[in-house]
Amino acid sequence: MDKLESYRSYIQTLLEKYAQSKPQNNEAENQLFFDPIRNHYQLMRVGWKDL
357 MDKLESYRSY
367 IQTLLEKYAQ
377 SKPQNNEAEN
387 QLFFDPIRNH
397 YQLMRVGWKD
407 L
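Each residue of the sequence shown is one higher than the last, beginning at 357 in the working numbering.
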(Lines of atoms letter the chains of each structure in order from A and count residues from 1; the text may use other names and numbers.)
(Lines give C-alpha, C1' and ligand atoms only; values in the text may rest on other atoms or scores of the structure.)
Protein backbone atom coordinates (compact mmCIF):
# COMPACT_ATOMS: atom_id res chain seq x y z
CA MET A 1 0.00 0.00 0.00
CA ASP A 2 1.49 3.34 -0.99
CA LYS A 3 1.59 6.36 1.28
CA LEU A 4 -1.41 8.14 -0.25
CA GLU A 5 -3.57 5.03 0.04
CA SER A 6 -2.63 4.59 3.69
CA TYR A 7 -3.53 8.25 4.39
CA ARG A 8 -6.91 7.74 2.71
CA SER A 9 -7.57 4.69 4.84
CA TYR A 10 -6.52 6.48 8.03
CA ILE A 11 -8.75 9.50 7.34
CA GLN A 12 -11.73 7.30 6.53
CA THR A 13 -11.28 5.26 9.73
CA LEU A 14 -10.91 8.41 11.84
CA LEU A 15 -14.06 10.01 10.43
CA GLU A 16 -16.02 6.78 10.91
CA LYS A 17 -15.03 6.77 14.60
CA TYR A 18 -16.12 10.40 15.01
CA ALA A 19 -19.41 9.63 13.24
CA GLN A 20 -20.20 6.90 15.77
CA SER A 21 -20.30 9.44 18.60
CA LYS A 22 -23.80 10.73 19.19
CA PRO A 23 -24.35 14.49 19.23
CA GLN A 24 -25.59 15.89 22.55
CA ASN A 25 -28.67 17.04 20.72
CA ASN A 26 -30.69 13.95 19.76
CA GLU A 27 -32.31 15.88 16.93
CA ALA A 28 -29.07 15.84 14.91
CA GLU A 29 -27.48 13.02 12.96
CA ASN A 30 -24.02 12.40 11.55
CA GLN A 31 -23.51 11.99 7.82
CA LEU A 32 -20.30 10.84 6.13
CA PHE A 33 -19.22 11.60 2.59
CA PHE A 34 -16.22 9.95 0.94
CA ASP A 35 -14.79 10.65 -2.51
CA PRO A 36 -11.39 8.92 -2.56
CA ILE A 37 -10.91 9.60 -6.27
CA ARG A 38 -10.86 13.37 -5.64
CA ASN A 39 -9.58 13.03 -2.05
CA HIS A 40 -12.62 14.70 -0.48
CA TYR A 41 -13.79 13.50 2.93
CA GLN A 42 -16.49 15.10 5.05
CA LEU A 43 -18.32 14.51 8.31
CA MET A 44 -21.43 16.62 8.71
CA ARG A 45 -23.84 16.93 11.64
CA VAL A 46 -27.31 17.69 10.38
CA GLY A 47 -30.23 18.83 12.52
CA TRP A 48 -31.65 21.60 14.67
CA LYS A 49 -30.38 23.06 17.92
CA ASP A 50 -32.01 25.51 20.36
CA LEU A 51 -34.90 26.60 18.15
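All residues carry an ideal CB built from backbone N, CA and C; glycine is no exception. Keep in mind that this is a model prediction, so the values were computed, not measured.
Spatial distance of residue i from residue j (CA atoms)
i: residue 398; j: residue 380; result: 20 Å
i: residue 396; j: residue 359; result: 17 Å
i: residue 389; j: residue 375; result: 11 Å
i: residue 373; j: residue 404; result: 22 Å
i: residue 377; j: residue 367; result: 16 Å
Check whether residue i and residue j have beta carbons under 8 Å apart
i: residue 364; j: residue 384; result: no
Counting only runs of 4+ residues fully inside the region 357-381, write out the alpha helix (DSSP H) ranges in chain order.
-> 359-376
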